[in-house]
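Protein chains in written order, with the working numbering: chain X, 91 to 323; chain A, 288 to 691.
Idealized CB from N, CA, C, for every residue including glycine.
Taking it in order: structure first as structure tokens, then the write-up.
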Amino acid sequence: MLKMESVSKDYTLRGKTVKALDGVSLEIARGDFVSVVGPSGSGKSTLLLILGGMLSPAAGRVMVDGKSLYDLRPEERATVRKKTVGFVFQMFNLVPYLTALENVQVPLFLAGVDDRGQKERATALLERMGLADRLDHKPTELSVGQQQRVALARMLANDPQVILADEPTGNLDPETAQSVLSFLEEVNKEGRTVVMVTHDPKAAARAKRMLRLCDGRIASDHGAASASALDTY
Amino acid sequence: MQLKTLVWRELFERRNQLATSFIAILLGVSVIVSVENITVYSEKAVAKELDALGANVLILPKSASLQTYYSADMQNEEIPEEYVTRLVLSDLKGLDNLFPKLSMQVDVAGKKFTLTGILPQDELKAKAAWKAGDVFARPPLCVGDAAPAEPTPSKETQFRRRVIQKLDAAEALVGAEVAAALKLKPGDTLQLEGKTFTVSTILPETGTVDDSRVFAHLHTVQQLAGKGPVLNAIEVVGCCKEISKGLVQKINKLLPDAKVVTITQIVDTQIKTNHMMAQLSWLFLGIIVIVGGASMANYMYANVYERRREIGTLIALGAGSGVVLRMFLLKALLLGLGGGIAGYVLGTVLAVILGPRIAGVIVLPLPWLLLLAVGVAVAISLVASYFPARRAARMDPCTALRET
Ligand SMILES: Nc1ncnc2c1ncn2[C@@H]1O[C@H](COP(=O)(O)OP(=O)(O)OP(=O)(O)O)[C@@H](O)[C@H]1O
Ligand SMILES: [Mg+2]
Numbered sequence: 091m092l093k094m095e096s097v098s099k100d101y102t103l104r105g106k107t108v109k110a111l112d113g114v115s116l117e118i119a120r121g122d123f124v125s126v127v128g129p130s131g132s133g134k135s136t137l138l139l140i141l142g143g144m145l146s147p148a149a150g151r152v153m154v155d156g157k158s159l160y161d162l163r164p165e166e167r168a169t170v171r172k173k174t175v176g177f178v179f180q181m182f183n184l185v186p187y188l189t190a191l192e193n194v195q196v197p198l199f200l201a202g203v204d205d206r207g208q209k210e211r212a213t214a215l216l217e218r219m220g221l222a223d224r225l226d227h228k229p230t231e232l233s234v235g236q237q238q239r240v241a242l243a244r245m246l247a248n249d250p251q252v253i254l255a256d257e258p259t260g261n262l263d264p265e266t267a268q269s270v271l272s273f274l275e276e277v278n279k280e281g282r283t284v285v286m287v288t289h290d291p292k293a294a295a296r297a298k299r300m301l302r303l304c305d306g307r308i309a310s311d312h313g314a315a316s317a318s319a320l321d322t323y
Numbered sequence: 288m289q290l291k292t293l294v295w296r297e298l299f300e301r302r303n304q305l306a307t308s309f310i311a312i313l314l315g316v317s318v319i320v321s322v323e324n325i326t327v328y329s330e331k332a333v334a335k336e337l338d339a340l341g342a343n344v345l346i347l348p349k350s351a352s353l354q355t356y357y358s359a360d361m362q363n364e365e366i367p368e369e370y371v372t373r374l375v376l377s378d379l380k381g382l383d384n385l386f387p388k389l390s391m392q393v394d395v396a397g398k399k400f401t402l403t404g405i406l407p408q409d410e411l412k413a414k415a416a417w418k419a420g421d422v423f424a425r426p427p428l429c430v431g432d433a434a435p436a437e438p439t440p441s442k443e444t445q446f447r448r449r450v451i452q453k454l455d456a457a458e459a460l461v462g463a464e465v466a467a468a469l470k471l472k473p474g475d476t477l478q479l480e481g482k483t484f485t486v487s488t489i490l491p492e493t494g495t496v497d498d499s500r501v502f503a504h505l506h507t508v509q510q511l512a513g514k515g516p517v518l519n520a521i522e523v524v525g526c527c528k529e530i531s532k533g534l535v536q537k538i539n540k541l542l543p544d545a546k547v548v549t550i551t552q553i554v555d556t557q558i559k560t561n562h563m564m565a566q567l568s569w570l571f572l573g574i575i576v577i578v579g580g581a582s583m584a585n586y587m588y589a590n591v592y593e594r595r596r597e598i599g600t601l602i603a604l605g606a607g608s609g610v611v612l613r614m615f616l617l618k619a620l621l622l623g624l625g626g627g628i629a630g631y632v633l634g635t636v637l638a639v640i641l642g643p644r645i646a647g648v649i650v651l652p653l654p655w656l657l658l659l660a661v662g663v664a665v666a667i668s669l670v671a672s673y674f675p676a677r678r679a680a681r682m683d684p685c686t687a688l689r690e691t
């Protein structure tokens, strides 16, 4: 499903070059649930953005369903993001001037679904998230947990095969965090591939596989199909 | 949801920041519209006025300014009425008719109108009666179209020919616009400066300043004005042949303390004024393009910067750069449309209100100016927003998403 081949990425800031990713190779099978952990600045977010077609690597290839993502034209890459990938952010990134319903409608609109279809699907998704009575609330009129649930509904809108979540529980209280994790497990059971960056060891442990990044390299790979990657720490 | 829903919602989300650039465009457009609107009517009025006018020479006070033809008989200075007698008794050839006038501002029901005193023909003739070889023995108009077929033409017809035969001291002829504003009909009474007039005739609409005037007997107006037997102007119908033979200079010699000008001279000034107005509207166009455009571009850049997280999110959700570009350009288009339409409305209102005061003409809305207004506003808005929109479309979504 997802494959990285010696992917490197470095940032140059005021003459200094930082290696965010340093020759990372990995393969994620369809339907896997991978957590990515590591110290701050180890390249976790960078890895996720590169997997999601948002950031071109300096070297290496990223394959999604056998297609080299960064050899596609930008508009084709946008289509991959639209159809195949669902993002969840730590800051939720809801559009502030749109209601909950409209926020969920955005990816459907981008995918060219008609108005009625958008409303039906968005309403169903928000009902699934227990927000049936919050459809017309703007993000500021929702609690933090409710905002993240709107973001989760939005992520599912186009029925993506791959879900990329960057610290989806980072801003939530433990209870809400639990429900978000359960939700990710649930969609994983539906057959979607989930890659989740987290700082929380307990959350990370709930994944089927755990990648540890350090200084832009994979330091360990727990629970992977290949036993050779077992953690030695 | 469509792109326009998205754009529309955002537009109303940040109204305050929007206001400045929107107002810049709105004001610019309304100034262009009103200047253009007034110019058009002013030009039309010149043509009409020239057409309708029997007189071709004006006798004015020495200090008279000739800014506009329309106010030529509305000077602050006066000339003595005795000039009329002097002209009548002179041996000048080619004086076909004389119309002495005195105008004053009057307030009726809170509105300002002009009351113009005119001298009816019979009294003018009386002035000349005791002179042998009376000037008015000749037909009153050069071309001789005094309509002998009609023994007593109606006051309206008389007025149109600018030859009112008889006028009572308390009689008023009311211009079409005044009549409409005050809901007057013949037979009504009208209080002006404490004097009661009887409306004898509502004058047909002429499209000239006469529409917003009330005409009454010269001597009555002189009493109301309280300045003695004076005039603001004497309109003279001179025979074209005699004018070319130096009638103006001859009148000037006879009345050395007055200013004698031909209508063409005055209209020339008006045409120059119109020309200046036209140039002024170009100047304003330049100003609005620069000020409105810069303010718009500035706002758009700020808007793009402020919304970088939102743009990053949209890109993550699958928006291509085309969608982002269109989102900002559509916003610019809406702002341009709004600014253009509002600018047209405001500009037209300004023109209708200010037209009579600035240029002395009645101004009506011109629908084609809406196209001009919208065209200008949309063009400025789109051009000014293009580079900010392109910046948004090319934005690196990762940087935007990473910031907390
Ligand atoms: N736009 C950028 N310009 C310069 N350097 C950057 C940029 N983005 C990231 N970096 C650097 O790249 C490295 C990896 O960043 P990344 O955001 O992937 O780390 P992370 O593992 O997600 O950290 P955290 O756990 O704090 O979110 C860091 O050293 C960071 O300073
Ligand atoms: Mg991160």
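Hey, quick one: how far does the beta strand (DSSP E) through His506(A) stretch, first residue to last? His506(A) -> not in any beta strand (DSSP E); alpha helix (DSSP H) instead, spanning 505-512.
Ligand 1 and Val636(A): does any heavy atom of the ligand fall closer than 7 Å to the residue's C-beta? no
Is there a C-beta anywhere in chain X that falls below 8 Å from the one on Val610(A)? yes
Using only the heavy atoms of ligand 2, determine whether one of them is closer than 7 Å to the beta carbon of Asp100(X). no
From Ser158(X) to Arg151(X), what does the alpha carbon distance come to, in whole angstroms? 6 Å
Do you know how far the Cα of Leu454(A) is from the Cα of Val327(A)? 35 Å
For chain A, is any of its Cβ atoms less than 8 Å away from the one on Glu217(X)? no
When you compare only the Cα positions, how much space is there between Asp311(X) and Phe273(X)? 24 Å
Would the C-beta of Asp204(X) count as close to ligand 2, meaning under 7 Å from any of its heavy atoms? no
Count the other CB atoms, across all protein chains shown, that sit within 10 Å of the CB of Leu232(X); report buried if there are 16 or more and exposed otherwise. buried
Whole-angstrom Cβ separation of Ala517(A) and Glu330(A), contact assumed at under 8 Å? Here the sequence assigns Val to residue 517(A), which means Ala is not the residue at that position. So it is not a contact: roughly 33 Å between Cβ atoms.
Listing by chain order, which chain X residues have their CB less than 8 Å from the CB of Leu604(A)? Arg171, Lys172, Phe177, Val196, Pro197, Leu200, Arg244
By how many angstroms is the C-alpha of Ala396(A) removed from the C-alpha of Lys380(A)? 46 Å
Classify Phe615(A) as buried or exposed, calling it buried when 16 or more other Cβ atoms lie within 10 Å of its own Cβ. buried
For Val316(A) and Pro387(A), the rounded distance between their alpha carbons: 43 Å
Using a beta-carbon distance below 8 Å, is Ser98(X) in contact with chain A? no
Going by the DSSP bridge assignment, what does Asp311(X) pair with across the sheet? Leu301(X)
Whose beta carbon lies closer than 7 Å to any heavy atom of ligand 4, going through the chain in order? Only ligand 1 and ligand 2 can be found as ligands here, which leaves ligand 4 out of the picture.
Name the chain A residues that come within less than 7 Å of Gly187(X), Cβ to Cβ? First, the residue type needs correcting, since residue 187(X) is Tyr and not Gly in the sequence shown. Within chain A, the residues near Tyr187(X) are Arg296, Glu297, Glu300.
Would a C-beta distance cut-off of 8 Å place Val196(X) and Arg244(X) closer than the cut-off? yes
For Val393(A) and Ile575(A), what's the separation of their Cα atoms in angstroms? 39 Å
Can you check whether the C-beta of Glu597(A) is within less than 8 Å of a C-beta belonging to chain X? yes
Which term fits Ala676(A), buried or exposed, when burial requires 16 or more other beta carbons within 10 angstroms of its beta carbon? buried
Say yes only if the C-beta of Arg689(A) is nearer than 7 Å to one or more non-hydrogen atoms of ligand 1, and no if none qualify. yes
Taking Phe123(X) as the reference, which of Ala294(X), Ala110(X), Arg307(X) has the closest Cα? Ala294(X)
Limits of the alpha helix (DSSP H) - the one that Asp383(A) falls within: Premise fails: Asp383(A) lies in the beta strand (DSSP E), 382-395, not in any alpha helix (DSSP H).
With the cut-off set at 8 Å, would you say Ala255(X) and Val194(X) are in Cβ contact? no
Sequence-distant residues of the same chain with beta carbon closer than 8 Å to Leu471(A), five excluded per side: Val461, Val465, Leu477, Val486, Ile489
According to DSSP, is Phe484(A) helix, strand or coil? strand
Using beta carbons (cut-off 8 Å, strictly below), is Leu139(X) in contact with chain A? yes
How long is the line joining the alpha carbons of Gly207(X) and Ala309(X), rounded to whole angstroms? 45 Å
Taking a contact to mean a Cβ-Cβ separation below 8 Å, would you say Leu138(X) touches Val287(X) in this structure? yes
Determine the direct distance from the alpha carbon of Gln408(A) to that of Ala436(A), and round the result to whole angstroms. Per-residue confidence for Ala436(A) stands at a pLDDT of 39, beneath the threshold of 50, marking its modelled position as unreliable; the derived number appears in the next sentence. Looking at the two C-alpha atoms, the distance is approximately 18 Å.
Please confirm if the region 219-230 of chain X is in contact with the region 174-191 of chain X, defined as three or more CB-CB distances below 8 Å between the two stretches. yes
Residue range of the alpha helix (DSSP H) that Phe615(A) falls in? 608-645
List the residues that DSSP assigns as beta-bridge partners of Ser125(X). Met286(X), Met300(X)
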